[in-house]
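If you read the protein sequences in the order shown, they are chains A and B.
First residue of the first sequence: 1, per this note's numbering; consecutive thereafter.
First residue of the second sequence: 666, per this note's numbering; consecutive thereafter.
Taking it in order: structure first as structure tokens, then the write-up.
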Amino acid sequence: MPELGRAALIVCLGAAVYAVAAGGYASWTGRRRLQESAQNAILAAFLGAAVASVVLLTALLRKDFSFTYVWQHTSRELPTAYTFSSFWGGQEGSLLLWLLILTGFSSVAVLLGRRSAPTLLPWTVPILGGVTVFFAFMLVVISTPFATQVAPGDGQGLNPSLQNPYMLAHPPMLYLGFVGLTIPFAFAMGALAARRSDELWIVVTRRWTLVAWTFLGFGQLLGAHWAYVEVGWGGYFAWDPVENAALMPWLAATAFLHSVMIQEKRGMLKIWNVLLVVGAFALALFGTFLTRSGILSSIHSFTESSIGPWFLGFIGLVVAGSTALIVSRRPLLRARTRLESPVSREATFLYNNLLLVAFCLTILWGVAYPILTEALRGEPVTVGPPYYNFFLKAFGLPLLLLMGIGPLIAWRRASLRGLGRVFAWPLAIAVATGLVLVVLGAGSSIPGLVGYTFCAFVLASIGLEFARGTRARRAISGDSWLSAFAQLVGRNRRRYGGYVVHAAIVLLAIGVIGSSAYDTTKEQRLRAGDSMAIGDYTLTYRGATTERAANATELRALVDVERDGEALGTMQPGKNSYPAEQQVSNEAAIRSDRLNGEDLFLIAEQIGPRSVFLKVLVKPLVNLIWIAGFVFLAGSLIALWPDAREQRRLALRYGGREAEAVARA
Amino acid sequence: MLAIFLVYTAIAGGTPQVKPSQLKGHTGEVTVVGKVTGAVRGDARGAGLRFRLRDVKGSATGVLVAYKGSVPEMFRTGRDVSLRGRLRGATFVGIPGTLVTKCPSKYTPAKKS
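Following this line, the structure appears as structure tokens:
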């Protein structure tokens with residue numbers, strides 16, 4: 001069995017090397033048969049990776065401890081679901097998952113590309129092959145999942161903190177996002193290598209970028225929710241290097257998703273777009289490197305391993321190679337048109353991009369700062385949350401505002417009178433909201449107040465867009481409001497899906513601002529029978545209980561909760577101790593209010609029958625963050641849904657055989 | 666743009682990260698990373714916790730630490746921890762809430778050596 005796995009990986013590596021060599025040579029010389037053969041090699045590489053994955057998965061599920069990897073990451077009692085997730089619980093398995101998704105995505109891209117972009121494919125294949133070579137090489141030579149040993153009686157087990165449902169979905173989602181960014185990168189480079197200057201590569205990879213971006217975004221929210229519920233320190237994001245590692249490619253991809261629209265519509269920003277797609281891909285690799293190299297300490301830091309230098313080398317190669325290609329093709333990347341006015345739709349897209357990229361670079365700077373200072377001064381200097389929070393406000397608030405301005409402002413050049421007409425309502429609503437909030441006492445945080453005013457502005461302008469569009473459609477068709485609304489969204493899925501995503505970002509902002517700018521924290525020791533007050537809540541300590549579960553002892557503090565004299569029940573924060581793993585886990589108690597989205601969050605320490613030390617957090621509106629995740633998903637799905645009308649438009653534009661193919665794809 | 670980052674990080678700045686043996690001479694706020702040695706005394710929620718930290722690698726003599734505030738579940742003798750604070754006399758006084766234990770690794774169990 002392990003031999004089969006090893007052989008399959010070698011086949012994968014061989015096929016990928018062939019795709020690079022034969023594919024590159026065939027494109028250079030224009031040999032069509034050889035090009036097709038290289039495309040088939042990508043499919044063969046996928047088969048190799050799939051066989052290797054099946055071998056590893058089978059060994060895991062059979063608990064075959066003669067595989068060192070299985071022994072390191074599972075044990076006899078480990079439930080089947082977590083045995084499954086231990087596939088990506090360690091470095092070798094994670095790399096194999098990367099390879100599997102990469103070759104799978106590449107194969108689908110090749111099969112679809114044969115019809116939709118036959119002229120781009122020849123140079124795209126060797127680039128996909130090149131990325132595959134790197135990962136297959138790592139798995140064959142540096143970090144093999146198929147090392148064997150004399151089977152011991154039982155495995156070492158999976159870390160308890162990984163034994164929860166979030167870890168089934170969160171890591172693979174991030175991988176789907178990271179790896180998905182490879183496809184637009186490869187097509188962009190393939191188009192440049194083939195000396196194509198049009199937007200075909202953007203059109204054929206739009207959905208790839210959206211899918212990758214959606215997985216990355218949703219995966220991060222899942223991680224945040226895991227941190228909030230399971231880790232239980234009262235927060236959901238801590239600017240940890242590994243959290244930043246996933247945020248950076250998402251920000252770059254967000255910028256890219258917006259700026260490609262400018263290139264499609266107006267033929268501008270061509271160099272910028274290829275730079276962004278290279279940046280997003282390089283950051284995805286950098287993210288994998290950060291989590292795997294152990295160069296920075298974080299809650300995610302894995303064993304220090306030997307793969308770090310290889311990753312850095314590969315990232316360097318990707319950046320240098322792409323930059324060289326872009327520089328050599330500069331004449332192709334000249335803009336068709338120029339920016340006509342700083343007050344126009346194009347310009348707001350440009351500002352949005354500058355802010356997103358600036359924010360991304362600030363995070364990169366913060367992440368790299370300890371590495372740089374250690375290299376320069378011999379002593380690492382770390383920057384903490386205040387640094388990131390400062391720039392989140394500095395760049396995030398203007399971004400929020402732009403989200404309200406962009407969709408309403410005219411293309412090319414907006415007149416002042418037009419602006420006044422368009423923005424009168426959203427402005428009025430924003431100002432009114434601001435005033436109401438000041439009366440309600442939201443002035444305690446100026447950034448919070450500004451943020452909420454902007455949120456109201458954006459929601460109003462999105463609502464206005466939907467209302468105007470529906471009214472216009474109703475005027476044409478004479479249908480009911482509902483049917484006109486459905487038609488409006490159905491005929492412009494990309495645009496209105498985008499607005500739904502914007503609404504999700506506003507919900508996210510409302511949740512983040514509420515829970516960070518208007519939260520309350522209190523720490524106090526309570527004797528049994530004593531009460532403490534926080535906000536509208538009164539908490540009374542009733543004593544402690546201990547229960548024995550299958551693998552843990554559960555110690556709980558019983559805390560009665562009242563709000564404005566009304567009893568809300570008993571909350572039970574506590575600790576679980578796991579004797580087998582010699583670990584203690586913190587079990588925070590959270591009470592979510594469905595009506596106002598507020599959480600009461602309890603952490604208990606030094607729990608005893610006579611007294612307890614309580615840390616209490618009141619987090620207003622935090623639940624909107626999780627709701628935002630589902631709205632985000634819904635918006636992405638609307639934007640992703642196949643749209644026959646759009647395909648026909650594109651078909652007219654790109655003409656000929658390819659256009660028909662685009663229309664069919 | 667880069668200039669703004671540089672200026673910002675220089676002023677509002679980061680905290681240097683040092684080993685216990687390097688603490689001498691640092692008067693400002695630093696993050697110290699070390700291994701907990703010897704007994705841990707006191708109450709983090711009362712008068713304060715007292716313990717010694719020495720370098721994770723090497724055998725240099727450690728520093729005495731005083732700390733109040735929340736303590737991670739994994740905190741005990743032998744763990745690697747990081748803590749922000751400043752040196753006052755011979756004692757390193759921690760800032761409440763900044764004591765963090767470093768898991769040897771999160772995704773792979775510690776190898777028994």
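Backbone N, C-alpha and C fix where the C-beta goes; we use that ideal spot for every residue, glycine too.
Query	Result
What does a CB cutoff of less than 7 Å around A:R493 pick up in its chain, not counting 5 residues either side in sequence?	I638, A639, W641 and D643
Per DSSP, what kind of secondary structure is A:R556 in: helix, strand or coil?	strand
Looking only at its own chain, which residues have a Cβ that is under 7 Å from the Cβ of A:L100, when we skip the five neighbours before and after it?	A49, A50 and S53
Is A:I607 helix, strand or coil by DSSP?	coil
Tell me whether A:N666 sits in a helix, a strand or coil according to DSSP, three-state version.	Only positions 1 to 665 of chain A appear in this structure, which leaves residue 666 of chain A out of reach.
Any contact of the stretch 168 to 188 of chain A with the stretch 214 to 223 of chain A, i.e. 3+ C-beta pairs under 8 Å?	yes
When burial is assigned at 16 or more other CB atoms within 10 Å of the CB, is A:L120 buried or exposed?	buried
Measuring straight from C-alpha to C-alpha, what distance separates A:Q72 and A:G157?	7 Å
Do you know how far the Cα of A:V242 is from the Cα of A:L290?	7 Å
Does DSSP put A:N586 in a helix, a strand or coil?	strand
When you compare each of A:A194, A:F423 and A:T337 to A:T29 by their alpha carbons, which one comes out closest?	A:A194
If you compare alpha carbons, which of B:Y732, B:G690, B:G762 and B:G754 is closest to B:V701?	B:Y732
Listed from N- to C-terminal order along the chain, which residues in the stretch 724 to 747 of chain B have their beta-carbon within a distance smaller than 8 Å of any beta-carbon of chain A?	S735, V736, E738, M739 and S747
Let's test the definition: count the other Cβ atoms within 10 Å of the Cβ of A:F630 and tell me whether it reaches 16, buried, or not, exposed.	exposed
Give the residues of chain B in contact with A:T521, contact being defined as C-beta atoms less than 9 Å apart.	The contacting residues do not exist; A:T521 stays about 10 Å from chain B at best.
Consider the Cβ of B:G679: report whether some Cβ of chain A lies at a distance smaller than 7 Å.	yes
Would a check of beta-carbon distances place A:N164 closer than 7 Å to chain B?	no
So, is the C-beta of B:R710 closer than 7 Å to a C-beta in chain A?	yes
Determine which residues share a DSSP beta bridge with B:K700 and list them.	B:R719 and B:D745
DSSP beta-bridge partners for B:E738?	Per DSSP, none; premise fails for B:E738.
What does a CB cutoff of less than 6 Å around A:T570 pick up in its chain, not counting 5 residues either side in sequence?	L558 and D560
Using only the alpha-carbon positions, how far apart do A:E547 and A:I513 sit?	38 Å
Kindly give me the distance between the Cβ atoms of A:T103 and A:A45, rounded to whole angstroms, as I take these residues to be in contact under 8 Å.	5 Å
With a threshold of 6 Å on Cβ separation, who are the neighbours of B:F716 within its own chain once the five nearest residues in sequence on each side are excluded?	V701, V705 and V730
Use the C-beta contact count for B:D708: other C-beta atoms within 10 angstroms, 16 or more gives buried, fewer gives exposed.	exposed
In chain B, which residues lie less than 7 Å from A:K63 when you measure between Cβ atoms?	In chain order: nothing, as chain B lies at least about 16 Å away.
Between A:W208 and A:G180, what straight-line distance do the alpha-carbon atoms span, to the nearest angstrom?	7 Å
Hey, how far is the Cα of B:Q682 from the Cα of A:L283?	25 Å
Following the continuous alpha helix (DSSP H) through A:M167, name the residue where it begins and the one where it ends.	Y166 to G180
With burial defined as no fewer than 16 other Cβ atoms inside 10 Å of the residue's Cβ, what is the status of A:P331: buried or exposed?	exposed
Take A:E3 as the anchor and find which of A:T148, A:Y351 and A:F256 has the nearest alpha-carbon.	A:T148
Using three-state DSSP, classify B:G711 as helix, strand or coil.	coil
How would you list, in chain order, the residues of chain B whose beta-carbon sits under 9 Å from the beta-carbon of A:Q606?	D708, A709 and R710
In the structure shown, what three-state DSSP assignment does A:T124 receive?	helix
Would you please state the rounded distance, in angstroms, between the beta carbons of A:L399 and A:L355? I believe it to be under 8 Å.	5 Å
Between A:F613 and chain B, is the shortest Cβ-Cβ distance under 7 Å, so that the two count as touching?	yes
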